[in-house]
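>
Numbering (this note's numbering), first residue to last: 386 to 475.
(1) State the Cα-Cα distance for the pair residue 443 and residue 449, rounded to the nearest angstrom.
(2) I need the straight-line Cα distance from residue 407 to residue 401, nearest angstrom please.
(3) Rounded to a whole number of angstroms, what is the C-alpha to C-alpha distance between residue 413 and residue 431?
(4) By Cβ distance, which residues of its chain are closer than 7 Å to residue 478, with the 5 residues on each side in sequence left out?
(5) What does a CB cutoff of less than 7 Å around residue 426 pick up in its chain, not counting 5 residues either side in sequence?
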């Protein structure tokens, strides 16, 4: 990964973990994944990697395409992205 970033002129910056004041959106997403998916579901699929990956894909689809987010004005992330990318399309 480091070589790819270097070859493409991308600077990879790190922040302190568990820093909601610095990176609140990602910390909230990590909490959501931990609470709604990992803690509740992975014990059911222990040792079944293919099933766990399939279920994670389903969870991410639900999270991004179905579940409204209060912080996005009750839009899903997909709706929010489409709405704002259309505003700035050239």
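Cβ coordinates follow ideal geometry from the N, Cα and C atoms, glycine included.
Since the model is a prediction, treat every value here as computed from it, not as a measurement.
The structure says:
(1) 10 Å
(2) 8 Å
(3) 25 Å
(4) Absent from the structure is residue 478, since the part of the chain shown begins at 386 and ends at 475.
(5) 440
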